[in-house]
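Quick notes on the structure that follows.
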Amino acid sequence: MKADLKQIQDPIALEMEEFEKKFRDFMKSKVKLLDHITNYIVRRKGKQMRPMFVFLTAGVSGGITEASYRGAALIELLHTATLVHDDVVDDANYRRGFFSVNALWKNKIAVLVGDYLLSRGLLLSVDNGDFDLLKIVSNAVREMSEGELLQIAKARKLDITEEVYYTIIRQKTASLIASCCAVGAATSGAGPELIEKMRDFGEKVGMAFQIKDDLFDYGEDEIGKPLGIDIKEKKMTLPLIYALNNASWLDKRKIIYLIRNKNEDKKAVNEVISFVKQSGGLGYATKVMNQYLEEALDLLQQFPESEYKDSLEGLVRYTIERKK
3 MKADLKQIQD PIALEMEEFE KKFRDFMKSK VKLLDHITNY IVRRKGKQMR PMFVFLTAGV
63 SGGITEASYR GAALIELLHT ATLVHDDVVD DANYRRGFFS VNALWKNKIA VLVGDYLLSR
123 GLLLSVDNGD FDLLKIVSNA VREMSEGELL QIAKARKLDI TEEVYYTIIR QKTASLIASC
183 CAVGAATSGA GPELIEKMRD FGEKVGMAFQ IKDDLFDYGE DEIGKPLGID IKEKKMTLPL
243 IYALNNASWL DKRKIIYLIR NKNEDKKAVN EVISFVKQSG GLGYATKVMN QYLEEALDLL
303 QQFPESEYKD SLEGLVRYTI ERKK
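Numbered per our numbering, the sequence shown spans residues 3 to 326.
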């Protein structure tokens, strides 16, 4: 099994290199300030997992085509636009350890840059007649927005059930990975049934990915986000929901009080973390995460053997075994 991202990327190394050039071209404008900012965004890119999902699923589904590059770029442009806008909404000064666009160029410019990236993505699809790809990705952006708003609404009342939690993460996180996989299949020339199977595969991977991210909040690994940040932000994640559902009325009332009124108090946050650990919340969340992982891998096994399939399985396992 391919163990790290470099090995996983082997079958699509040339495509990823070519994609980076094409993506830079897609972002170009006639405004010097805009080019300066978009170059900054490109330079601080992350692990490039979304384009990897597009190219590997295209390889598994029938073959990588020119449309695969446009599909991967569309996802990156629209997703980057949402991140730039998110940083403005959250008043965040950093993203992945770098200054955010709004921190360096202020909110007005950041919002306009987000708008520009969104429009570039839309025009890239319209100009090339990629309406099927535009529909897939636009649906994902809509779901991401709905999921974020649902989470905000529920955070005010702290009344998220397990069912609502799954709805939120399906929309907020899983929909994006699902769209990567559906786009990959669509650009390979696959039919509707195969595209839907790949979308379902990506959704299951995304569900497992988000639950893994929620587990990081409890300090089980060397993590990239601060301990207890979800609790401080009053986010009800699966480990906490399970722990509360299995607590006595008195314990439940106390923990909800701490989250609602003492979420900035380090001692109170640590008390909530201890409560979740002692209640079996982490074990339960891990079990659910592994269930989604196995369902995704079962779907993948239905495809013929290939280096793309091996790498796609490696990428799925990487998303769950990552330490940050």
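Think of the CB as a built atom: it goes at the ideal place given N, C-alpha and C, for glycine as much as any other residue.
- For the 8 Å CB-CB criterion, Cys183 and Phe100 do not form a contact.
- Apart from sequence neighbours up to five positions away, the residues of its chain that approach Leu152 with a beta-carbon distance below 8 Å are Val166, Thr169, Ile170, Gln173, ordered along the chain.
- Counted as a single uninterrupted DSSP element, the alpha helix (DSSP H) harbouring Ser181 occupies residues 177-189.
- In this structure, the straight-line span from the alpha carbon of Leu301 to that of Ser70 is close to 22 Å.
- Going by DSSP, Leu284 is part of the alpha helix (DSSP H) stretching over 283-302.
- Tyr320 sits close to Leu7, with the two beta carbons spaced by under 8 Å.
- In the three-state reduction of the DSSP assignment, Phe305 falls in the coil class.
- Of the candidates Asp37, Asp267, Phe211, Glu78, the residue whose Cα lies closest to the Cα of Lys47 is Glu78.
- For the pair Leu252 and Ile10, the CB atoms are not nearer than the 8 Å cut-off.
- Check the Cα spacing between Ala180 and each of Asp202, Lys108, Leu314: the tightest is with Asp202.
- When rounded, the separation of the alpha-carbon atoms in Val143 and Glu266 is 31 Å.
- Per DSSP, the unbroken alpha helix (DSSP H) holding Lys268 starts and ends at 268-280.
- Between the alpha carbons of Thr189 and Met209 lies a distance of about 24 Å.
- Comparing C-alpha distances from Glu19 to each of Val33, Ser31, Lys236, Pro53 shows the shortest one belongs to Pro53.
- The DSSP-derived three-state label of Asp219 is coil.
- The C-beta distance from Leu120 to Ala83 rounds to 4 Å, short enough to fall under 8 Å.
- By the neighbour-count criterion, in which 16 or more other beta carbons inside 10 Å mark a residue as buried, Lys23 falls on the exposed side.
- Ile162 sits in coil when the DSSP states are folded into three classes, being neither helix nor strand.
- Fewer than three beta-carbon pairs drawn from the segment 269-285 and the segment 305-312 are found closer than 8 Å, and the two stretches are therefore not classed as touching.
- Per DSSP, reduced to three states, the secondary structure at Lys32 is coil, with no helix or strand assignment.
- Across the structure, Val113 and Leu85 are spaced so that their CA atoms are roughly 10 Å apart.
- The criterion of a C-beta distance shorter than 8 Å is not satisfied by Val90 and Ile213.
- Residue burial annotation: Leu136 is buried, with at least 16 other C-beta atoms found within 10 angstroms of its C-beta.
- Under the three-state reduction of DSSP, Ala75 is assigned to helix.
- Where Arg324 is concerned, there is no enclosing alpha helix (DSSP H), because DSSP gives it neither an H nor an E.
- By the neighbour-count criterion, in which 16 or more other beta carbons inside 10 Å mark a residue as buried, Val207 falls on the buried side.
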